[in-house]
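Data block below; observations after.
2 protein chains.
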Amino acid sequence: MPQILFLPEKKSCEAEAGLSLQDAAERAGVTLSFPCAGKGVCGKCVVKVENGSVEFSDNGKLSDSFKKQGFVLACRSKVREDAVILKSSLGDEQGQFADVLSHMSVNGDLFPSPDDIKPLISAVTFTAAPPVQGDGLGDRDRFLNAAREIFEDKPVELPLGVLRRLPDTLRERDGEVSVWHMEKYGAVRIVDVEPGGSDKNLGLAIDIGTTTVAIQLVDIYAARAIDTITLYNAQIDRGSDVISRISYAKNPERIEEMRSLVLSTINEGISELRARNGRISARSLRNAAISGNTTMTQMFLGINPNYIRLEPYTPAVMSVPLYTAGELGIEMNPCAYVWVAPNVGSYVGGDITAGLLCTDFASGTDDVCLFIDIGTNGEIVLGNDDFLMGCACSAGPAFEGGGIERGMRASAGAIESVVVDPAAGKCEYFVIGGGEPRGICGSGLISLLSRMFEAGIIDPRGKMDKSGKFESVQALRKNSRFYITERREGMTAVYVTENDIDNFIRAKAAIFSACLVMLKNVGLTFDDVAKFYIAGGFGRYIEIERAQTLGLLPPLDREKFIYIGNSSLTGSFMSLLSERHRRKKAELANRITYVDLSVEAGYMDEYVAAMFIPHTDAAMFQRRAVSNAVGD
Amino acid sequence: MPQILFLPEKKSCEAEAGLSLQDAAERAGVTLSFPCAGKGVCGKCVVKVENGSVEFSDNGKLSDSFKKQGFVLACRSKVREDAVILKSSLGDEQGQFADVLSHMSVNGDLFPSPDDIKPLISAVTFTAAPPVQGDGLGDRDRFLNAAREIFEDKPVELPLGVLRRLPDTLRERDGEVSVWHMEKYGAVRIVDVEPGGSDKNLGLAIDIGTTTVAIQLVDIYAARAIDTITLYNAQIDRGSDVISRISYAKNPERIEEMRSLVLSTINEGISELRARNGRISARSLRNAAISGNTTMTQMFLGINPNYIRLEPYTPAVMSVPLYTAGELGIEMNPCAYVWVAPNVGSYVGGDITAGLLCTDFASGTDDVCLFIDIGTNGEIVLGNDDFLMGCACSAGPAFEGGGIERGMRASAGAIESVVVDPAAGKCEYFVIGGGEPRGICGSGLISLLSRMFEAGIIDPRGKMDKSGKFESVQALRKNSRFYITERREGMTAVYVTENDIDNFIRAKAAIFSACLVMLKNVGLTFDDVAKFYIAGGFGRYIEIERAQTLGLLPPLDREKFIYIGNSSLTGSFMSLLSERHRRKKAELANRITYVDLSVEAGYMDEYVAAMFIPHTDAAMFQRRAVSNAVGD
């Protein structure tokens, strides 16, 4: 009977030919996700057949580039022979990557095809001549003579770090070396030289958010995320949003402090990823792609960010030159050059140009698309093939659990979804990773508050019913609480306060009103939007209908919304893999017109009008989507 | 009456028109040196007329390039009007630079002419456009747009350290900036950007010796050494010669230890130079040229030196790529690229290619020249326009005061010259800087031992007369002593021991026999040598006749010897100033054939034969030069 092995769990089962892969996974004790109930449309059950084969009844939803790489949809596959099945979102603790991967897997050429795979830094193997007494050649000359042949007489630059090891490296395998390199201005820049043949090409995709930093360890040639980690940005104590961070970084010492804080977060994440994936050496990490908003990018580079908020609001860098990890302070191969996503304007940065790679903005269609990245800064891009406009608004950290008393990131222990009993206001909830809840994440807040609103526990201004009708409400003179968990001894209670709700309302108002102003700017309405991309690292998914109830999202048809998770991280992942995507990102940065909301007439009025649930103008939210929220 | 001001002493005097500059200097209380007694041939009294003029009766000895820069010979100049006179060896504590400068000043185009002055890194001034809201340009773009015009559309690389300061720098003078840069592989590499017009161009010439490190602060456009400092190489405790240093550096930790030791010496010297010359900022030091032997160069670069002493004796680097001061760890402008002199072979390094710049080797003449650099490693180059051969021998640190009980570098407190009373063996001596002697330097040893030998105090094997005839001899069972100073209480006595003398004899034997073997190798004798260049940092001058008495130098006519002091340092000085000299150095490195003495038949025999004063073959030293030693 065929044997089916599932990775990374290393769980296997015997399965008769014809058994669905879904059933085989269950038999092996492996969890796969089937949100569309096996209809083969959502793409969430995409897996990779690493060895052997399965019977895949292709419905045309999976893009060719994915199929070529051995991906199939588990819901439409049956056991045929012995096979090794790799879960595509392998190691992605929050499933963010699975979301966008599944979206892209059903959307043509968004994902790099095998032909696209061309990282910034790659290896060639060649053999240098042996040392000869009295020939007047040093080790470097022997190396360069061999290199010049391979690199067609282009100038070759050998960094000091590599030169230091060269004498030993050349002698270890009689001159046979793998040479990691890239080209810049017509010269070949060597990044590393190893004895013998070349290793895997490992890289890091990094998203520097104002609140959260996400880092992904990537096997580049396999086009695979090995593992992902998210951490709070250690700058958080120096201000919760970009403006307060900029104000803090008012002198060179503080700029350096901010730089070293975010760097310590990145390096802590890398260290953890290396440790838990088989003690990977720092030196073997030879590619990295980073994205962040303009302020985060400048702070990471150690550049004075102050002029971003002073007239005429000029950032220091739009396109970011290639610097080495050593210069930047990232604990990977110090001679590796790091790709940093280009910025668009003072508040629309590389996170957005990276994120747009996960969409079909400006890919040959007249359809107007709207992209919102919901984070501490809410960024919005509107456009089609003819025009692209971008703006940003300050939402604050509520969606990432910041400024919420029991808020936390969407990681193990976070309540991510809540059902509220409309009678007594008692809650049932789902906790990421199971077990006791430690707090509530962004998606949990959306779920909770929309249901509290429907049950009448909070009014349109977010104030709680303190009549005693709902026993979960603890009425206080100031800042009353609503308990999600029970108040038992020895257990951390999870609750929301009126202040929390107020912070959430400000956040959603900022984003909604920014979208509205952008549309008005070009004479459009929400109805003109063909595709509404939602990005953000606030949870494993967003319940669209719930977000509409709260007035965070407009009342459009469910089908128009596409949730693409942490698209900044995914954009970095793709930039790591593919030169085509790096080029496309740079082109997008050039094409987007930056709109400054602070000088946009009407923005403040729209913002104030949106500070209600769902909105002061309730009529705008009369028409409601009827489809179920994804992920329920 | 005209006023004559002498710099750097800032001493002045009133002097009647027609008074000789020599007398004016005396009147002002300023010391100038006139070894040829004012005949206008030695060039040692060369000074620069900074302001005003003098009446210079030119005898054609001073080269045109010097005259164009305002140099005159003090011995042939008379007061005409108010003038400011700058001593050419300004700040050069040991006068080494004066020696070579005077040599070059009377030797045509060896010294860079004003047209030659082209440092690696220089500044241009231009103005970037002001920031404009919404034009999509960052500060970097504004800078690059202006730079591209100046640099004719070549790619421009802006290092991170400069980018970090760019936003403030561009705003300080409304976009006017001085841009320090160089070109590499067709791209312009920016080193620094300063607000407003450009400053002086300051540089560092550095000679890394096995025993002594010399560092010179240079005003490049003025072609002037501002100050020089010498320090013991902090690696000394890890072995006194290159072989023992290489043996010590047997693992990566120790290679790094050796690197950081020599770096600490260099940085200590730079720090002292900066402090005592008006608190110069590290950032304003934007050029550096370094020379050292192959082992010192590799250790400074942090490269495993072990293969230098293992068959087939291949160094890691011959020509050294340009690295930044930041990468190298030198405490100057971290983005400055540093020029390191190219090596010739495992034991003939960049100190020699630098040193040859101070000679007319291979400058269009058939005359056979011999160059010896007397240091811990003795290096020898022999050749003319047709051939160039180089070799090295291990002399040990005796010439620099190492391995000598009361030995010291040629700095304040060192006995540099001794006269011995042949009857009782009592000494008179000269101390550098005056005052009580603290020890004896290399030139002092040569002076002392030759006179001890002539007085019969030591025999040809270096053993002392212990008969009691000479009261300065303290006869001991082992290692008898000869006292140069009296043995008074409270005063450090300076003496030499038989072991000291033995070390000295080994050192001189190594160098003499190496010269002999090189000549024999090409079928020549000492008589065929037209010019005999002597380089080394062992004193302020070398008493040629004394060195001949000891058998360190062969008994050729005095006129054939040219003492050029620390030519490695001077070669670095010239490389700092002039592209022509940098190119010439690289060409010389390519042209020299490296001879490995250790595999040369007959070297050991010659070495043993030379372990006598003056030599086992005394007949070789019958013919003696009659002229007086220079410097007496």
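Just so you know, the sequences run in chain order A and B.
For the first sequence, our numbering assigns the number 1 to the initial residue and increments by one for each residue that follows.
For the second sequence, our numbering assigns the number 633 to the initial residue and increments by one for each residue that follows.
The C-beta atom is built at its ideal place from N, Cα and C for all residues, glycine as well.
9 Å is my cut-off, CB to CB: does residue i come that close to chain B?
| i | result |
| --- | --- |
| Asp-174/A | no |
| Asp-386/A | no |
| Ser-627/A | Residue placement at Ser-627/A is flagged as unreliable, the pLDDT there being 40, under the threshold of 50; the coordinate-derived value follows with that caveat. No, Ser-627/A does not count as interfacial toward chain B. |
| Ala-187/A | yes |
| Pro-195/A | no |
| Gly-390/A | no |
| Gly-345/A | yes |
| Glu-183/A | no |
| Leu-382/A | no |
| Pro-2/A | no |
| Ala-17/A | no |
| Tyr-313/A | yes |
Does residue i have its Cβ less than 9 Å from a Cβ in chain A?
| i | result |
| --- | --- |
| Ser-951/B | yes |
| Ile-935/B | yes |
| Tyr-939/B | yes |
| Asp-1228/B | yes |
| Gly-727/B | Caution applies to Gly-727/B, whose pLDDT of 42 falls short of 50 and renders its modelled position unreliable; the model cannot decide the point. |
| Phe-1244/B | no |
| Asn-1222/B | yes |
| Thr-1268/B | For chain B, the structure presents residues 633 to 1264; residue 1268/B sits outside this window and is missing. |
| Leu-960/B | yes |
Helix, strand or coil for residue i? Go by DSSP, reduced to three states.
| i | result |
| --- | --- |
| Ile-717/B | strand |
| Ile-861/B | strand |
| Thr-897/B | helix |
| Gly-1263/B | Confidence is the limiting factor: at Gly-1263/B the pLDDT is only 37, short of 50, which leaves the residue's position unreliable, though a coordinate-based value still follows. Correct three-state label for Gly-1263/B: coil. |
| Met-318/A | coil |
| Ala-392/A | strand |
| Gln-548/A | helix |
| Arg-774/B | helix |
| Cys-990/B | helix |
| Gly-1039/B | strand |
| Leu-849/B | strand |
Where DSSP assigns a beta bridge to residue i, which residues make up the other side?
| i | result |
| --- | --- |
| Val-473/A | Phe-482/A |
| Phe-688/B | Ser-709/B |
| Ala-594/B | Only positions 633 to 1264 of chain B appear in this structure, which leaves residue 594/B out of reach. |
| Asn-919/B | Gly-835/B |
| Met-635/B | Reading off the sequence, residue 635/B comes out as Gln, not Met. For Gln-635/B, which the question treats as bridged, DSSP gives the partners Glu-646/B. |
| Cys-369/A | Gly-383/A and Lys-531/A |
With 16 other CB atoms within 10 Å as the buried threshold, where does residue i fall?
| i | result |
| --- | --- |
| Met-1236/B | exposed |
| Asp-747/B | exposed |
| Ser-271/A | exposed |
| Arg-76/A | buried |
| Gly-958/B | buried |
| Gly-1066/B | exposed |
| Lys-719/B | buried |
| Gln-765/B | exposed |
| Gly-60/A | exposed |
| Glu-1121/B | exposed |
Run through chain E and tell me which residues come within less than 8 Å of residue i, C-beta to C-beta.
| i | result |
| --- | --- |
| Ala-948/B | Considering every chain present, this structure includes no chain E. Its protein chains are A and B. |
### Task
Mind checking the region 749-774 of chain B against chain A and listing, in chain order, the residues whose C-beta falls within less than 9 Å of any C-beta there?
Pro-762, Pro-763, Val-764, Gln-765, Gly-766, Asp-767, Gly-768, Leu-769, Gly-770, Asp-771, Arg-772, Asp-773 and Arg-774
### Query
Any residues in the region 160-171 of chain A with a beta carbon nearer than 7 Å to a beta carbon of chain B? Which ones, in chain order?
So the list reads Leu-160, Leu-163, Arg-164, Leu-166, Pro-167 and Asp-168, given in the order they occur along the chain.
### Query
What residues in the region 875-909 of chain B bring their beta carbon closer than 7 Å to a beta carbon of chain A?
none
### Task
Could you run through the region 422-439 of chain A and flag, in chain order, every residue whose CB is less than 8 Å away from some CB of chain B?
none
### Message
By the 7 Å beta-carbon criterion, what residues does the region 854-865 of chain B contribute toward chain A?
### Response
none
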